[in-house]
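These notes concern the structure reproduced below.
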Amino acid sequence: MIRQDEIRPAVAARPATGALVRIKPGAIGGYLILALLALLYLVPLCFVLFVSLMSSRQFALNAASFPDPILWSNYPDAWVKGSFGIYLVNSLTYTVAIVFGSLIIATLAAFPIARGHLRGSNYYYLLFLSGILIPAGIIPQFFIMQQLGIYDTRLGYILLWWSRIALPIFIITGFIKTIPAELDDAAAMDGCPYVQYILQIVVPLLKPALSVVGLILAIRTWNDIIGPVIFLPSRAVKPISAGLLQFFAENTAEFTLIAAAIAITASPLLLLYIFTQRYIIAGMTSGALKG
Amino acid sequence: MGRTAGIWPYVCLAPALIVFTALEIVPAFATIIFSLTDYTGLPGAPINWVGLENYTSLLTGQRTFMLRALGVTAIFSLTVTIVQNGVAVLIAWLLNAKLRGEIAVRSIVFLPVVLGATINGLTWYVMFNPIGGPVTLALNELFGIRANLLGSVTTALWAVIWVQIWANLGFSMMVFLAGMQAIPAEVYEAGKIDGTGPWSAFRHLTIPLLAPSITINVLLAIIGTITGFELIFVLTGGGPALASQTLGIWVVNQAFFTGSRLPGFASAIAMVQFVLVFAIALVMQYYLRRREAVL
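So the sequences go chain by chain: G and L.
Numbered by our numbering, the letters in the first sequence go through residues 194 to 484 in order.
Numbered by our numbering, the letters in the second sequence go through residues -14 to 280 in order.
Shown next as structure tokens:
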């Protein structure tokens, strides 16, 4: 028998690729590449931030410079001119409705599938799974939404997102399977109603999975551009990403205002990313791995 | 609980099943039906069967556009897939070497994945702008080129490819990094005993053992570049003069955005796109999986 603590040192040392740490010239090369890489990502983002704080005169004379003087007025100007207030409210409405709606619908469906309570549970599972692979039929979606009278409406857009239920069901079903079923039987003995059992007993146990799926959905909703451009042409119902693009199309030459509008749209995402990046990265990459 | 619950499991399934069927499954398959019609997208306008007319049109009247879009898609898809995955695997390898600041670099490179196509696209639009954009200034300083990168027929596609790779590098990188961290240290220990250097270990140990991550990343990049078009939509809309019009953006342009909207005809393009993705996925799956099996 090999004891656990005997293996530890070998794992902890973990040399091989780590050989770079000891070989000085190699490590310098590595740091140089990583530093260049970081610059490649920071320069465009910082440039947008700088431009958003510049006068349009400075931008025309010497854009690639630090804003001098720092001008905050681009933000309120872009906000008012682009009616970002409407877009922000729309985006928040969509995000809340889509995230919570999808999570409830997906959990309600995932539970009977995971527990085999349906005749042919596995076929339903495969049907939903196929949704991860098959491409969206945008043109028939457009036709169906027009026929149902939900084209260019908030309801239509939310329903469209609720239909993208494949990944949530896939992840949540996998998670429910890890929860022991004894609890179900105990609840059944007590005569606990089915739906109430899912919502009050199962959902709290699913918190880790639900929060990761919720985060991914929130980011995707906030960033969706093709959906609103095709299915929400009216200004009053546009979310913020589409609003930003609209603002850009209407003010193509006003780079300082565009930069401020980009920063406005990006800031909620940045905040979310700063506080939850571990879950976001893990959720997004593992979702892809399983898909 | 299942046996006592009666109809309730089906009631719980119903909402998901209904929206999923009505707005996901049915539309996915209905594309083939619309591709056989002259659907115009105008509410109330009659829809007529035209048989294979849309498809013959792709091979005759629209042939130049078809070949052009196929060519642009091939360049876009191949370049992005190869460069993005090649760079990502090297960066992941560096990050896995536990250099200082690794976590910060990871977070920064992954950031565009969270920011999304509109923000990434417009950020680079500002960078590329011909008046005071830093890229334009740098090109002018270094090479004496005065270029409107997104507005020129020769450079637009390459500018889009650059942004596409920039935006998605972090995703491939994290998938590779996860794959590398799953490789047991003992493998490298054994390699070290055999006198394997860092580069040789990368080439002969890391890459072969990374095969599953490579399969996923390559497939996602190919499918993403053939079907996806968000960044192209934001940056160029497929222009100038169709220089960056892939199959994906051609579908939506033809269906919703150009002067003569023809969603019926666009459905035929979407079918070509679907068959292409399906065939490539099948071949790649076979080829890459076989490599995994050999190892």
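Backbone N, C-alpha and C fix where the C-beta goes; we use that ideal spot for every residue, glycine too.
- Between Phe113/L and Leu134/L, the C-beta spacing is below 8 Å.
- Among the residues of chain L, none has a CB under 7 Å from the CB of Trp272/G; the nearest is roughly 16 Å distant.
- The beta carbons of Leu235/G and Ile93/L sit closer together than 8 Å.
- In the structure shown, Trp415/G falls within a helical segment according to DSSP collapsed to helix, strand and coil.
- From the listed residues Gly(-9)/L, Glu87/L, Thr58/L and Val98/L, the smallest Cα separation to His310/G is found for Gly(-9)/L.
- When only Cα atoms are considered, Ile391/G and Phe304/G end up about 7 Å apart.
- According to DSSP, Trp78/L shares a beta bridge with no other residue.
- Within the segment 302 to 335 of chain G, those residues whose Cβ lies closer than 8 Å to any Cβ of chain L are, in chain order, Ala302, Phe304, Pro305, Ile306, Arg308, Gly309, His310, Leu311, Tyr317, Leu320, Phe321, Ser323, Gly324, Ile327, Pro328, Ala329, Gly330, Ile331, Ile332, Pro333, Gln334 and Phe335.
- Assignment of beta-bridge partners to Trp34/L by DSSP yields Thr22/L.
- Non-local C-beta neighbours of Ile234/L in its own chain, meaning closer than 8 Å and more than five positions away in sequence, comprise Phe214, Ile217, Phe218, Gly222 and Gly223, ordered along the chain.
- Proximity to Val262/L across Ile76/L, Leu220/L and Ala206/L peaks at Ala206/L, based on C-alpha coordinates.
- Gly106/L and Val120/L have their alpha carbons spaced roughly 14 Å apart.
- Taking C-alpha positions only, Ala453/G is separated from Phe241/L by approximately 29 Å.
- What Thr478/G touches in chain L, judged by beta-carbon distance under 8 Å, is Phe156, Met159, Val160 and Ala163, going in chain order.
- With respect to the 8 Å criterion, Ala307/G and Ala1/L are not classified as neighbours on the basis of their beta carbons.
- Here DSSP, grouped into helix, strand and coil, assigns Asp270/G to helix.
- With distances taken between CA atoms, Ala290/G lies nearest to Gly349/G out of Phe448/G, Gly349/G, Ala374/G and Leu425/G.
- Here Met382/G is exposed, its C-beta having fewer than 16 other C-beta atoms within 10 Å.
- Taking a Cβ-Cβ threshold of 8 Å, the residues of chain L close to Thr458/G are Thr103 and Ile104, in chain order.
- The beta-carbon separation of Arg53/L and Leu162/L, rounded to 38 Å, does not stay under the 8 Å limit for a contact.
- With a 10 Å radius around the Cβ and a threshold of 16 neighbouring Cβ atoms, Cys239/G comes out exposed.
- Arg357/G counts as buried, since no fewer than 16 other beta carbons sit within 10 angstroms of its beta carbon.
- Proximity of Ile423/G to chain L, defined by a Cβ-Cβ separation below 8 Å, is satisfied.
- Counting of Cβ neighbours within 10 angstroms places Asn255/G among the exposed residues, the total staying below 16.
- Comparing C-alpha distances from Gly330/G to each of Ala196/L, Tyr40/L, Ile17/L and Thr45/L shows the shortest one belongs to Ile17/L.
- Using beta-carbon distances, Ser229/L does not count as an interface residue toward chain G, since no partner is under 8 Å.
- Secondary structure at Glu447/G: coil, using DSSP grouped into helix, strand and coil.
- Between the beta-carbon of Phe363/G and that of Ile325/G there is about 7 Å, and that keeps the pair under the 8 Å contact cut.
- Nearest CB-CB separation between Thr45/L and chain G: not below the 8 Å threshold.
- When DSSP assignments are scanned along the segment 449 to 475 of chain G, no uninterrupted stretch of beta strand (DSSP E) that is 3 or more residues long falls wholly within it.
- Each residue's CA atom was taken as its position, placing Phe277/G and Phe252/G some 23 Å apart.
- Not one beta carbon of chain L lies nearer than 8 Å to the beta carbon of Ile365/G.
- In this structure, Leu220/L sits near Trp109/L, with a CB-CB distance shorter than 8 Å.
- If the five residues before and after Gln47/L are omitted, its C-beta is found closer than 7 Å to no C-beta atom of its own chain.
- When DSSP states are grouped into helix, strand and coil, Arg246/L belongs to the coil group.
- In the DSSP assignment, Lys177/L falls within the unbroken alpha helix (DSSP H) covering Ala170 to Ile178.
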